[in-house]
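Protein chains in written order, with my numbering: chain R, 270 to 664; chain A, 84 to 375. Quick reminder that beta carbons are idealized off the backbone N, C-alpha and C, glycines included. Computed from a predicted structure; not experimentally measured. See below for the structure under consideration.
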Amino acid sequence: MTGGGKVPGREGERPTMTVPAAQGSPATENATVAGRGSGDVGDDQAFWRSKTTIGAAVYLVAVVAVLFGGSQFTLYEGTLIATYGIVTVAQDWIFGRAGLVSLGPAAIMAVGAFTTARLSTEGWGVFPVPLLISFVFGGVIGLLIGIPGLRFRGLYLMLTTLALQFIISFAAEQYQGVNREAGFTVTPPSWGSLQLANPQPLFLISVILLGLVLLGLSGIHGGAPGRAWNAIRQNETAASVLGINLVRWKLAAFIGSSAVIAAAGSVYAYQIGQVQYTTFSLDLSLTLVVMVFIGGVGTLIGPIIGAVGVVLLPQGIQEISNLFSGMPSVSGWLQLNEGIVADGIYGLLLLLLLIFERGGLVAVGQRLGRGAVAAGRLAVRASAPRIRRTNARNP
Amino acid sequence: MSNDVATIVINGLVNGCIYALIGVGFVVIFRATGVVSFAQGAFMVLGAEIFASLVNDGLSTGPAAILAAGGAFIFGGLVYWLAFSRLTGAEAFITSVATVGLGILVEAGVLLIWGPAIIVIPQLFSYQVHHVVGQLGFSNIDLFAMAVTVAVFAVVLFGLHRTPVGLRMRAVANNPRLAVFTGVNVLVTSTLAWAIAGLTAALAGIVYLVGTQPDPGSIYALGLAAFPAILLGGFDSIPGTLVGGIIIGLVQATVAVYVGGAWQDVVAYGVLLAVLLLRPQGMFGSPQVARL
Numbered sequence: 270m271t272g273g274g275k276v277p278g279r280e281g282e283r284p285t286m287t288v289p290a291a292q293g294s295p296a297t298e299n300a301t302v303a304g305r306g307s308g309d310v311g312d313d314q315a316f317w318r319s320k321t322t323i324g325a326a327v328y329l330v331a332v333v334a335v336l337f338g339g340s341q342f343t344l345y346e347g348t349l350i351a352t353y354g355i356v357t358v359a360q361d362w363i364f365g366r367a368g369l370v371s372l373g374p375a376a377i378m379a380v381g382a383f384t385t386a387r388l389s390t391e392g393w394g395v396f397p398v399p400l401l402i403s404f405v406f407g408g409v410i411g412l413l414i415g416i417p418g419l420r421f422r423g424l425y426l427m428l429t430t431l432a433l434q435f436i437i438s439f440a441a442e443q444y445q446g447v448n449r450e451a452g453f454t455v456t457p458p459s460w461g462s463l464q465l466a467n468p469q470p471l472f473l474i475s476v477i478l479l480g481l482v483l484l485g486l487s488g489i490h491g492g493a494p495g496r497a498w499n500a501i502r503q504n505e506t507a508a509s510v511l512g513i514n515l516v517r518w519k520l521a522a523f524i525g526s527s528a529v530i531a532a533a534g535s536v537y538a539y540q541i542g543q544v545q546y547t548t549f550s551l552d553l554s555l556t557l558v559v560m561v562f563i564g565g566v567g568t569l570i571g572p573i574i575g576a577v578g579v580v581l582l583p584q585g586i587q588e589i590s591n592l593f594s595g596m597p598s599v600s601g602w603l604q605l606n607e608g609i610v611a612d613g614i615y616g617l618l619l620l621l622l623l624i625f626e627r628g629g630l631v632a633v634g635q636r637l638g639r640g641a642v643a644a645g646r647l648a649v650r651a652s653a654p655r656i657r658r659t660n661a662r663n664p
Numbered sequence: 084m085s086n087d088v089a090t091i092v093i094n095g096l097v098n099g100c101i102y103a104l105i106g107v108g109f110v111v112i113f114r115a116t117g118v119v120s121f122a123q124g125a126f127m128v129l130g131a132e133i134f135a136s137l138v139n140d141g142l143s144t145g146p147a148a149i150l151a152a153g154g155a156f157i158f159g160g161l162v163y164w165l166a167f168s169r170l171t172g173a174e175a176f177i178t179s180v181a182t183v184g185l186g187i188l189v190e191a192g193v194l195l196i197w198g199p200a201i202i203v204i205p206q207l208f209s210y211q212v213h214h215v216v217g218q219l220g221f222s223n224i225d226l227f228a229m230a231v232t233v234a235v236f237a238v239v240l241f242g243l244h245r246t247p248v249g250l251r252m253r254a255v256a257n258n259p260r261l262a263v264f265t266g267v268n269v270l271v272t273s274t275l276a277w278a279i280a281g282l283t284a285a286l287a288g289i290v291y292l293v294g295t296q297p298d299p300g301s302i303y304a305l306g307l308a309a310f311p312a313i314l315l316g317g318f319d320s321i322p323g324t325l326v327g328g329i330i331i332g333l334v335q336a337t338v339a340v341y342v343g344g345a346w347q348d349v350v351a352y353g354v355l356l357a358v359l360l361l362r363p364q365g366m367f368g369s370p371q372v373a374r375l
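This is the structure we're talking about:
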């Protein structure tokens, strides 16, 4: 599918038709992978080779390594990555699967975080309860976004969600201003003597939640709902002609992703311990949106890569600044401007990826992988015929 | 005229002018290339910072503003030429996300060069108020903001409707494919549109800087705060942006006086939601924009 004509300029006539090939291919590839993983479990070979199984194994190994080998700081960052990962994967549900738009993930996180902070101090604070109630509230907010989302597409939906970001942020500010100026302190959850807000239990909670979300979504995206969203994304009119209920599936995407994001907000509240409206800013929203695109839209691993990047890049810059310890001016400058340099890198990376490889880092990785395989084959082929040819000439 | 009303009219008009200045570049970009730009705030910061450093080096206001706006003009053109011309034909949402990336990148660059502190410039215009009717009076700062706005709108509207270049730009806005067949160089025309947007955004940044002495982050945020004004006027209407900007400015000033300053942003976005539900094309926009 060609992205557009040779004519530079507006391509406004059929915006839904122009699904770039690079964006479409990882989605379909992933869908088949998920199908293989869940469908052919009976076949031992297919099961052990499926990407879902391999992904789950890698995930488990990483989790166990961090859980037992990681310092307090590593555990903290691991929890943060898992929490952001839940949000980015849920954002991708909107962008990459249903073809919808949402610019306010931080606002929905705020709903979960404030709900959790408030409930944790009340009688409802027994651990999974605030998380589950946040999940439900998130779904309700998703329904509220979804209703205008049924009417609008593209630009207008984008502005609606932008307005939502401002309105929820304002409501949170008012709520916080009326009740507590310094924000809400989250009462750490506990089961008897087990303190769940300690680094290790909290890390486990976040990775289990992320694991459940990934498992659930890989099933959903590979099945009938995934095909319905795929059809809606590619051509809404055609999808409705095929008998897909647009209202139901669009609302389902908004409700589901918002519920998951609010649950992530709940975990985030437990982690930071003090919930303030300023945390859930438009900046955070835009960062989370950008991360999905950097990692790779329409895949499950792409958004996770984005979440890893958003947490670890500032730390990577810190490491680089240590390399320049011989030059105090350079390392000092890097340390001082760590966050700004990281922002600059995100911005540049996003622009470059959108221009050259719209599938994000995942697609870049696949391309490099294919390139390496092709180069390997070429090398083998280049060496083999030469031997044969010399043999033929000198019998 | 009572004191409250005078405050509302003055603040409403001045803020409305700034929204209109941000919006005019937005509309020019949207018409020419179909891109919904989230990067107007970044161009504003760039213009304001260049202007501030020139003024602080002893240059007078006029030349400094011209140089800063000229720098943003070239930068805006380069951005389209190097990056966004390659995104032609992508979905509107993809190009919008790309402008978010551009905004983050430019903002980071500005912060690395000039730092995140409040931009300090010497006082360029007096606060002395020229009274018009009763309590209603404008200081030189207010007059500067309104004069720049009127001049920009006059030049842009004259240029679009009375010059050959403007004719080409309107042709591209109307139908890029057909414009190519009639011999219009779409790349050059679109680049010019982005350059103009950079220039007008830089002027908006300068006007805002002269009035309030903000930090770079709040200038950047103002670029996003202009969306309600742009939508109210209509996404593809240049005069609409001026009307929408002034209406939003007046509404916000009224709310600030009678309800509280904290409500300003949320009221603007409330208006945005109402416009989306009742009349998505805005006051002067063309109806087909609503189908996006």
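Could you work out which residues of chain R lie near R253 of chain A, taking near to mean beta carbons separated by less than 7 Å?
-> Per Cβ cutoff of 7 Å: no residues; R253 of chain A is ~12 Å from chain R at best.
With a threshold of 16 other CB atoms inside 10 Å of the CB of V97 of chain A, please say whether the residue is buried or exposed.
-> buried
Closer than 8 Å at the beta carbon, the chain R residues around P62 of chain A = Within the shown structure, residues of chain A are numbered from 84 to 375, placing residue 62 of chain A beyond reach of any answer.
Which residue's Cα is closest to the Cα of F126 of chain A: A:W277, A:E174, A:Q206 and A:V92?
-> A:W277
With 8 Å as the threshold, decide whether the Cβ of G638 of chain R is near any Cβ in chain A.
-> no
Please compile the residues from chain A whose C-beta is within a distance smaller than 9 Å of the C-beta of V559 of chain R.
-> V180, V183, G184 and I187
Could you tell me the distance, in whole angstroms, from the CA atom of Q443 of chain R to the CA atom of I187 of chain A?
-> 28 Å
Could you pull out every residue in the same chain whose Cβ sits closer than 6 Å to the Cβ of A497 of chain R, ignoring the five residues on either side in sequence?
-> I513 and W518
If you pair each beta-carbon of the region 452 to 468 of chain R with each one of the region 391 to 402 of chain R, do three or more pairs fall below 8 Å?
-> yes
Cut-off 7 Å between Cβ atoms - residues of its own chain near G242 of chain A, not counting five sequence neighbours on either side = V248 and G249
Measuring alpha carbon to alpha carbon, tell me which of A:P322, A:N258, A:F236 and A:A175 ends up nearest A287 of chain A.
-> A:F236
Going along the region 311 to 323 of chain A in order, which residues come within less than 7 Å of chain R, judged by CB to CB distance?
-> L314
Name the chain R residues that come within less than 7 Å of G192 of chain A, Cβ to Cβ?
-> G613
Reduced DSSP secondary structure (H/G/I, E/B, other) of G564 of chain R = helix
Does the beta carbon of A166 of chain A sit closer than 8 Å to a beta carbon anywhere in chain R?
-> yes
Distance between L419 of chain R and V263 of chain A (C-alpha atoms, nearest Å) | 36 Å
For D309 of chain R, three-class secondary structure by DSSP = Residue placement at D309 of chain R cannot be trusted, given a pLDDT of 43 that sits under 50; what the coordinates show is reported in the next sentence. It is coil, neither helix nor strand.
Got a sec? Which residues, its chain only, sit under 7 Å from I579 of chain R by beta carbon, not counting five neighbours each side?
-> Residue identity differs from the one stated: residue 579 of chain R is Val in this sequence, not Ile. Cβ neighbours of V579 of chain R beyond the five flanking positions: Y353, T556 and M560.
Ignore the nearest five residues each way along the sequence and tell me which others in G379 of chain A's own chain have a CB closer than 7 Å to its CB.
-> What the structure shows of chain A is the stretch from 84 to 375, and residue 379 of chain A is not part of that stretch, so it cannot be assessed.
With a Cβ-Cβ cutoff of 8 Å, do I201 of chain A and D298 of chain A count as a contact?
-> yes
For A466 of chain R, I'd like the list of residues in its chain whose CB is within less than 7 Å of its CB, leaving aside the five on either flank, ordered along the chain.
-> P457, P458 and Y539
Where do the ends of the beta strand (DSSP E) carrying F342 of chain R lie?
-> It is not in any beta strand (DSSP E) - F342 of chain R instead sits in the alpha helix (DSSP H) that spans Q341 to D361.
Please confirm if S294 of chain R has its CB atom under 8 Å from at least one CB of chain A.
-> Bear in mind that a pLDDT of 40 at S294 of chain R, under 50, signals an unreliable position, so the number given afterwards is only what the model happens to contain. Taking Cβ atoms only, chain A never reaches closer than 8 Å to S294 of chain R, which makes this a no.
With 8 Å set as the bound, which would you pick, yes or no: does the beta-carbon of L520 of chain R sit closer than that to a beta-carbon of chain A?
-> no
Where does D87 of chain A land, buried or exposed, given buried means 16+ other C-beta within 10 angstroms?
-> exposed
Would you be able to state if there are at least three C-beta pairs under 8 Å between the region 160 to 177 of chain A and the region 294 to 313 of chain A?
-> no
Would you identify the three-state DSSP class for L219 of chain A, choosing helix, strand or coil?
-> strand
For W362 of chain R, count neighbouring C-beta atoms within 10 Å of its own C-beta (all shown protein chains included) and say buried if the count is 16 or more, exposed if not.
-> buried
From I414 of chain R to L359 of chain A, what distance separates their C-alpha atoms?
-> 13 Å
Should M252 of chain A be labelled buried (16 or more other beta-carbon atoms within 10 Å of its own) or exposed?
-> buried
CB contact check: F158 of chain A to chain R, cutoff 8 Å | no
Opening and closing residue of the alpha helix (DSSP H) in which V349 of chain A lies | Q347 to L361
Any idea what DSSP makes of S301 of chain A, helix, strand or coil?
-> helix
Cβ of V405 of chain R within 8 Å of Cβ of G534 of chain R?
-> no
Neighbour flag for L355 of chain A against chain R, beta carbons, 8 Å | yes
Exposed or buried, which one is F439 of chain R when buried takes at least 16 other CB atoms within 10 Å?
-> buried
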